[in-house]
Amino acid sequence: MSLLDVKNVKKIYTTRFGGTQVQALTDVSFSVEPREFVAIMGESGSGKTTLLNILASLDKPTSGKVCLKGRDLSTVKDKEIAAFRRQNLGFVFQDFNLLDTFSLKDNIFLPLVLAGRKYPEMEKKLMPIAEELGITELLAKFPYEVSGGQKQRAAVARALITNPQLVLADEPTGALDSKASDELLRLFGNINKNGQTILMVTHSVKAASHASRVLFIKDGTVFHQIYKGNMRNEEMYEKISDTLTVIMTGGGKNA
Amino acid sequence: MRSFLYSKLALTNIKKNSKTYIPYLLTGTLTVAMYYIINSIVFNEGIKEMPGAGSLTQIIGMGIGIVAIFACIFLFYTNSFLMKQRKKELGLYNVLGMGKRHIAKMMLLETAMTAVFDIAAGLVCGMVFSKLMFLLLLKISRLSTPLTFIIEPKAIVMTVVLFICIFGVTMLYNMWQVFRVNTIELLHAKNQGEREPKTKWLLAVIGVICIGAGYGIAIKVEQPLEALVMFFVAVLLVIIGTYALFAAGSIAFLKMLRKNKTYYYKTNHFISVSGMIYRMKQNAVGLANICILSTMVLVMVSTTVSLYAGINNVLETRFPYEFGGEISDADSGKMMAFQENVRNEAKARGITIAKEVGYQGASLLVTPRGENDVELVKIDGMETYSASAVLTVLPVYWYNSMSGSDVKLNSDEAIAYLPERNKTLEMGKGTFRLDEHEFQITGILDEFMSSGTEAMLAMDTVYLIVSDEEVVRMLMDEAEELQGATLSGTLGYDIKGSKAEKESFLSWMEEEFTKAGFGGHVEIRENYRMEFYTFYGGFLFLGIFFGSLFLMATVLIIYYKQISEGYDDKERFQIMQKVGMSKKEVRKSIRSQVVSVFALPLIVAVIHICAAFKLITRLLAVMNLSDVGLFRNCTILTVGIFAVIYGIVYGITAREYYKIVN
Numbered sequence: 001m002s003l004l005d006v007k008n009v010k011k012i013y014t015t016r017f018g019g020t021q022v023q024a025l026t027d028v029s030f031s032v033e034p035r036e037f038v039a040i041m042g043e044s045g046s047g048k049t050t051l052l053n054i055l056a057s058l059d060k061p062t063s064g065k066v067c068l069k070g071r072d073l074s075t076v077k078d079k080e081i082a083a084f085r086r087q088n089l090g091f092v093f094q095d096f097n098l099l100d101t102f103s104l105k106d107n108i109f110l111p112l113v114l115a116g117r118k119y120p121e122m123e124k125k126l127m128p129i130a131e132e133l134g135i136t137e138l139l140a141k142f143p144y145e146v147s148g149g150q151k152q153r154a155a156v157a158r159a160l161i162t163n164p165q166l167v168l169a170d171e172p173t174g175a176l177d178s179k180a181s182d183e184l185l186r187l188f189g190n191i192n193k194n195g196q197t198i199l200m201v202t203h204s205v206k207a208a209s210h211a212s213r214v215l216f217i218k219d220g221t222v223f224h225q226i227y228k229g230n231m232r233n234e235e236m237y238e239k240i241s242d243t244l245t246v247i248m249t250g251g252g253k254n255a
Numbered sequence: 001m002r003s004f005l006y007s008k009l010a011l012t013n014i015k016k017n018s019k020t021y022i023p024y025l026l027t028g029t030l031t032v033a034m035y036y037i038i039n040s041i042v043f044n045e046g047i048k049e050m051p052g053a054g055s056l057t058q059i060i061g062m063g064i065g066i067v068a069i070f071a072c073i074f075l076f077y078t079n080s081f082l083m084k085q086r087k088k089e090l091g092l093y094n095v096l097g098m099g100k101r102h103i104a105k106m107m108l109l110e111t112a113m114t115a116v117f118d119i120a121a122g123l124v125c126g127m128v129f130s131k132l133m134f135l136l137l138l139k140i141s142r143l144s145t146p147l148t149f150i151i152e153p154k155a156i157v158m159t160v161v162l163f164i165c166i167f168g169v170t171m172l173y174n175m176w177q178v179f180r181v182n183t184i185e186l187l188h189a190k191n192q193g194e195r196e197p198k199t200k201w202l203l204a205v206i207g208v209i210c211i212g213a214g215y216g217i218a219i220k221v222e223q224p225l226e227a228l229v230m231f232f233v234a235v236l237l238v239i240i241g242t243y244a245l246f247a248a249g250s251i252a253f254l255k256m257l258r259k260n261k262t263y264y265y266k267t268n269h270f271i272s273v274s275g276m277i278y279r280m281k282q283n284a285v286g287l288a289n290i291c292i293l294s295t296m297v298l299v300m301v302s303t304t305v306s307l308y309a310g311i312n313n314v315l316e317t318r319f320p321y322e323f324g325g326e327i328s329d330a331d332s333g334k335m336m337a338f339q340e341n342v343r344n345e346a347k348a349r350g351i352t353i354a355k356e357v358g359y360q361g362a363s364l365l366v367t368p369r370g371e372n373d374v375e376l377v378k379i380d381g382m383e384t385y386s387a388s389a390v391l392t393v394l395p396v397y398w399y400n401s402m403s404g405s406d407v408k409l410n411s412d413e414a415i416a417y418l419p420e421r422n423k424t425l426e427m428g429k430g431t432f433r434l435d436e437h438e439f440q441i442t443g444i445l446d447e448f449m450s451s452g453t454e455a456m457l458a459m460d461t462v463y464l465i466v467s468d469e470e471v472v473r474m475l476m477d478e479a480e481e482l483q484g485a486t487l488s489g490t491l492g493y494d495i496k497g498s499k500a501e502k503e504s505f506l507s508w509m510e511e512e513f514t515k516a517g518f519g520g521h522v523e524i525r526e527n528y529r530m531e532f533y534t535f536y537g538g539f540l541f542l543g544i545f546f547g548s549l550f551l552m553a554t555v556l557i558i559y560y561k562q563i564s565e566g567y568d569d570k571e572r573f574q575i576m577q578k579v580g581m582s583k584k585e586v587r588k589s590i591r592s593q594v595v596s597v598f599a600l601p602l603i604v605a606v607i608h609i610c611a612a613f614k615l616i617t618r619l620l621a622v623m624n625l626s627d628v629g630l631f632r633n634c635t636i637l638t639v640g641i642f643a644v645i646y647g648i649v650y651g652i653t654a655r656e657y658y659k660i661v662n
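So the sequences go chain by chain: A and B. UniProt numbering applies: residue 1 is where the first sequence begins, and numbers increase by one. UniProt numbering applies: residue 1 is where the second sequence begins, and numbers increase by one.
1) Please report how far the alpha carbon of arginine 186/A lies from the alpha carbon of arginine 153/A, in whole angstroms.
2) Determine the extent of the alpha helix (DSSP H) in which glutamine 94/A is found, giving its start and end residues.
3) Quickly, what does DSSP pair arginine 71/A with across the bridge? List them, please.
4) Counting along the chain, where does the alpha helix (DSSP H) carrying proline 601/B start and finish?
5) Go ahead and pull the three-state DSSP assignment for aspartate 5/A.
6) Between glycine 580/B and chain A, is any beta-carbon pair separated by less than 7 Å?
7) With distances taken from CA atoms, which of Ile60/B, Leu254/B, Gly28/B, Asp468/B is nearest glycine 538/B?
8) Along the region 243-261 of chain B, where does the CB come closer than 8 Å to a CB of chain C? Name the residues.
9) Given that a residue counts as buried once 16 or more other Cβ atoms are within 10 Å of its Cβ, and exposed if not, what is glutamine 21/A?
10) Taking DSSP as the reference, what is the three-state secondary structure of lysine 459/B?
11) So what's isoleucine 226/A in DSSP terms, helix, strand or just coil?
12) Which same chain residues end up closer than 8 Å to aspartate 59/A when comparing Cβ atoms and leaving out the 5 residues on each side of it in sequence?
13) By alpha-carbon positions, which one of Lys179/A, Gly47/A, Thr14/A, Phe37/A ends up nearest to leucine 25/A?
14) Return yes when the Cβ of alanine 140/A is within less than 7 Å of the Cβ of isoleucine 108/A, no when it is not.
15) Of all Cβ atoms in chain A, is any one closer than 7 Å to the Cβ of tyrosine 278/B?
16) Buried or exposed: where does tyrosine 227/A fall if 16 or more other Cβ atoms within 10 Å of its Cβ makes it buried?
17) At a CB-CB cut-off below 8 Å, which residues of chain A make contact with residue 664/B?
18) Can you say whether tryptophan 176/B is buried or exposed, counting buried as having 16 or more other CB atoms within 10 angstroms of its CB?
19) Going along the chain, which unbroken runs of the beta strand (DSSP E) with 3 or more residues stay wholly within the region 120-183 of chain A?
20) How is arginine 369/B classed by DSSP in three states: helix, strand or coil?
21) Pull up the distance between the alpha-carbon of isoleucine 135/A and that of valine 222/A, whole angstroms please.
22) Could you name the residues that DSSP lists as bridge partners for phenylalanine 439/B?
23) Opposite alanine 362/B in the DSSP bridges: which residues?
24) In the DSSP assignment, the alpha helix (DSSP H) including phenylalanine 179/B goes from what residue to what residue?
25) Distance check for alanine 71/B and glycine 65/B, CA to CA, integer angstroms please.
26) Compare the C-beta of threonine 199/B against all C-beta atoms of chain A and say whether one is closer than 7 Å.
27) Within the region 13-94 of chain B, note down every full alpha helix (DSSP H) run reaching 4 residues or more, in order along the chain.
28) Whole angstroms are fine: how far does the CA of valine 76/A sit from the CA of aspartate 118/B?
29) When we look at the beta-carbon of residue 666/B and count the other beta-carbons within 10 Å, is it buried (16 or more) or exposed?
30) Buried or exposed, going by whether 16 or more other CB atoms sit within 10 Å of the CB of residue 303/A?
31) Is the beta carbon of glycine 116/A sitting closer than 7 Å to the one on threonine 267/B?
32) Mind checking if asparagine 97/A is an interface residue toward chain B, Cβ cutoff 7 Å exclusive?
33) Between the alpha carbons of residue 676/B and valine 407/B, how many angstroms are there, rounded?
34) Just reading off the beta strand (DSSP E) that glycine 325/B is part of, what are its end residues?
35) Using a Cβ-Cβ cut-off of 7 Å, state whether isoleucine 575/B counts as contacting chain A.
36) If you measure from the beta carbon of serine 306/B to each beta carbon in chain A, is any gap under 7 Å?
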């Protein structure tokens, strides 16, 4: 069974006074298997962020279904939605979204504290994750005291500490320099190898080339997809670039 | 054409920032109006001609200075708040190609517009409401006068001059702000100060010490006169302590909570404790301001209201008898003749004398050496009085004549009366020493008809009844050199009868008193009633006036706090929702933090009031109010009403906060 199933998802935004309607997603269907590392690519305005918000249960589709481990997200009650999100999903954002009022350690603990876990249990969970991400030394520091790359690693630790079914990453390398980006992508690769399913939305060809599968979204539908298979990152990079060129030069209309 | 652009820009800025600007304009207007009103009352020609109004205008005149100082601090404070909020906007203008000179020009126009609006609107409001306030003042001070109220040109000039100065200074400050900082700083101004605050232990300790010392003084002071002096010391200590504790103590306390892991890592505590640490850093001064202003409002309103409401008590304390005569050079024969005369006349007129007091005695200034042991003091400056008490010595035959008893004492025996108020002298039965004289105190009286002067003196008074006038004279001669003590007589009467009867009898008594040729003076209680109403009415008016002024300031500070908090918290709560906090949890956490931040100043203010209660009752005693129960009730009532207003203001401003956060 697929971990995540997206079936004919459609999203229409209506302006506040019911005037014009904007179709953000026309018809999106795809599924993600466990232990997969999927990247979703598309231009600005292609509906990437809308899709991610729907997957994150922050937004609801106009029609269609999203199932996580067979459970339809639309059946989760409003009251439980925050807890559901906390238990099943981990988030990594472009702008880190760490709270300045907490040390990195407390930032990482945030979802566990919200879930009402005990302190010794949290401590136990933190150590291996912090070690893997190389932030053990930084835990007592505050977000404004560390670099962007370090912040993002702390954010990844926060996403992983609840052992989520799926990690959703929104342009995780968007605010990082190339060195920090490489490091983060390497870590994503490792985490994925250890069995963590990741779904990443990105602009960056380089980031996408680390994924095991890349989906291309255009005009609100899944336009194309590439499997990495046994390709090296460099080959994957080239293939993605070529595909993008085709799409951008109007391939969509002629294909 | 170009200057037109700037004024247009300035106007748009005011409109765009209406959320912060409107309250600023409103307070500016109200401050101007209140300053005009208080000036127009003092400069009013009509009021000057009223009898007894001299003291009234004097009291209110003191208020002018306070309002002026307050207006300076307050308008400057709100202006700097506005500037802080707008730094980013100004930075943006700079980036977009406006030179600093242009921005300065725009700011200049903005401040000028604000100033013109505030002064003009304030004067109009002032003129409209001054009539109302004037009527209120006349009503509470019971002055009756043909209303000659007109617009006071002098008051207008005073107001315009003061506020042009204030706005001039704020303008300079704004210019300086624009020129001083560079563009990048302007753009990032709001992100500064997000660092975790350090624990300032020293400051926290100073805060605790100051508050402790202030409370200690307030609780320990017994003597009214000492209370008068120490009150300001205590107030100053508590103000310093409040600032220090809000700034440092709160953070130290929260960090201690954070160290406790099992407490800290609970859903409720986790977010509020860490959030509060930052809030306290940004808000300590603002909250301390709210706290101190609230305390001032509460003290001022509760004391002036109780003085006014307790005016009967004040009169009875100050004038214990309807007719009171003080005779400085006493002759017992003359006094007795006067008493006889009064009794006969009363009988002839069919008037009952409800109470009759008459005695001669010497008032000696003494200081305690120990229990039942005092010495005469040499009068030498203010300090002499603060640790001293008055010992009134009188011969026993006056006591017998008043109480109708027949007590006989040997020359080394005495009876004492210790009023409840006395805390200075410790006396009881047994051997009592006064310098080298010894008396055996054989009895302590439960009751004694005392004179009103004890209340006026602001010192404790103790009565010692001795065998005869000779003993009194001996002690007096001894005190002569040190204090210049004299033998003085006291006459007091309460009478029953209709108002007209009383009035005519009292004035007859006054005439007789003069005829008798006593070197002294007469006080008739009813004649002072109006004067007291004028005096304490003036105080009440000032109390209400300042109460509303400070309340307005409190409201504005709360409002600004809520808004700035809102903008700061917006981002934080968005992140929390993304990480997996439900809207409900976010709302709950916001509420608990905001409520605790805003309840804190009120709670501390109430604690301050409780600590100051005793000290204030002592001060009220100096002002002749001895009814502690009345003051307590007035205080509770004032606190209650204030808490309700505070709650309403909080509720309204909290709505603005939620609007911003969501």
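Cβ atoms here follow ideal geometry from the backbone N, Cα and C, with glycine treated the same way.
The answer reads as follows:
1) Taking the first residue of the first sequence as 1, we reach residue 186/A at position 186. Taking the first residue of the first sequence as 1, we reach residue 153/A at position 153. Arginine 186/A and arginine 153/A: Cα-Cα distance of roughly 11 Å.
2) As a first step, residue 94/A is located in the first sequence; it is residue number 94 there, counting from the start. Note, glutamine 94/A: premise wrong, no alpha helix (DSSP H); not H, not E.
3) The count along the first sequence starts at 1 and reaches residue 71/A at position 71. Its beta-bridge partners are Leu68/A.
4) Translated into positions along the second sequence, residue 601/B becomes position 601. Where proline 601/B is concerned, the enclosing alpha helix (DSSP H) stretches over 583-622.
5) The count along the first sequence starts at 1 and reaches residue 5/A at position 5. Here aspartate 5/A sits in strand by DSSP.
6) Residue mapping note: residue 580/B aligns to position 580 of the second sequence, counting from 1. Chain A contact via Cβ: present.
7) Locating residue 538/B in the second sequence gives position 538, where the first residue counts as 1. Of the candidates Ile60/B, Leu254/B, Gly28/B, Asp468/B, the one whose C-alpha sits nearest the C-alpha of glycine 538/B is Ile60/B.
8) Checking the listed chains, one finds no chain C in this structure; the protein chains it contains are A and B.
9) Here residue 21/A corresponds to residue number 21 of the first sequence, with the count starting at 1. Exposed, by the Cβ-count rule.
10) Position 459 of the second sequence, counted from the start, is the residue given in the question as residue 459/B. Note that residue 459/B is methionine in the sequence shown, not lysine. Note: methionine 459/B maps to coil in three-state DSSP.
11) Within the first sequence, numbered from 1, the residue matching residue 226/A stands at position 226. The answer is strand: DSSP assigns isoleucine 226/A an E or B state.
12) On the first sequence, position 59 is the one that residue 59/A refers to. So the list reads Lys11, Thr50, Asn53, once near-sequence residues are dropped.
13) Counting from 1 along the first sequence, the entry for residue 25/A is found at position 25. Answer by Cα proximity: Gly47/A.
14) Reading the first sequence from its first residue, position 108 is the one you call residue 108/A. Reading the first sequence from its first residue, position 140 is the one you call residue 140/A. No, they are not a contact pair.
15) Mapped onto the second sequence, residue 278/B falls at position 278. Chain A, which has a Cβ nearer than 7 Å to the Cβ of tyrosine 278/B, makes this yes.
16) For the purposes of this step, residue 227/A is taken as residue 227 along the first sequence, with counting starting at 1. With fewer than 16 Cβ atoms within 10 Å of its Cβ, tyrosine 227/A is classed as exposed.
17) Residue numbering for chain B in the displayed model covers 1 to 662; residue 664/B lies beyond these limits and cannot be assessed.
18) Taking the first residue of the second sequence as 1, we reach residue 176/B at position 176. When all chains shown are included, tryptophan 176/B counts as exposed.
19) 166-170
20) In the second sequence, the residue the question calls residue 369/B occupies position 369. Strand.
21) Translated into the one-based positions of the first sequence, residue 135/A becomes position 135. Translated into the one-based positions of the first sequence, residue 222/A becomes position 222. The alpha-carbon atoms of isoleucine 135/A and valine 222/A are separated by roughly 37 Å.
22) Taking the first residue of the second sequence as 1, we reach residue 439/B at position 439. Phenylalanine 439/B pairs with Phe432/B.
23) To locate residue 362/B, count along the second sequence from 1; it is residue 362. Answer by DSSP bridge pairing, in chain order: Val393/B, Leu487/B.
24) Along the second sequence, read from residue 1 onward, the residue named residue 179/B stands at position 179. First-last of the alpha helix (DSSP H) with phenylalanine 179/B: 153-180.
25) Taking the second sequence and counting its residues from 1, the one referred to as residue 65/B is at position 65. Taking the second sequence and counting its residues from 1, the one referred to as residue 71/B is at position 71. Looking at the two C-alpha atoms, the distance is approximately 10 Å.
26) In the second sequence, counting from the first residue as 1, residue 199/B sits at position 199. No, because no Cβ of chain A sits closer than 7 Å to the Cβ of threonine 199/B.
27) 18-43, 45-48
28) Counting from 1 along the second sequence, the entry for residue 118/B is found at position 118. Counting from 1 along the first sequence, the entry for residue 76/A is found at position 76. When rounded, the separation of the alpha-carbon atoms in aspartate 118/B and valine 76/A is 56 Å.
29) It is not possible to answer for residue 666/B, since the shown part of chain B is limited to 1 through 662.
30) In the structure as shown, chain A begins at 1 and stops at 255. Residue 303/A is therefore absent and cannot be evaluated.
31) Within the first sequence, the letter at position 116 stands for residue 116/A. Within the second sequence, the letter at position 267 stands for residue 267/B. Cβ distance < 7 Å, so glycine 116/A and threonine 267/B count as in contact.
32) By one-based count along the first sequence, residue 97/A stands at place 97. Closer than 7 Å: yes.
33) Beyond the ends of chain B as shown, which are 1 and 662, falls residue 676/B; an answer cannot be given.
34) By 1-based counting over the second sequence, the position of residue 325/B is 325. Residues 323-327.
35) For the purposes of this step, residue 575/B is taken as residue 575 along the second sequence, with counting starting at 1. Chain A, which has a Cβ nearer than 7 Å to the Cβ of isoleucine 575/B, makes this yes.
36) Here the question's residue 306/B lines up with position 306 in the second sequence. Not an interface residue.
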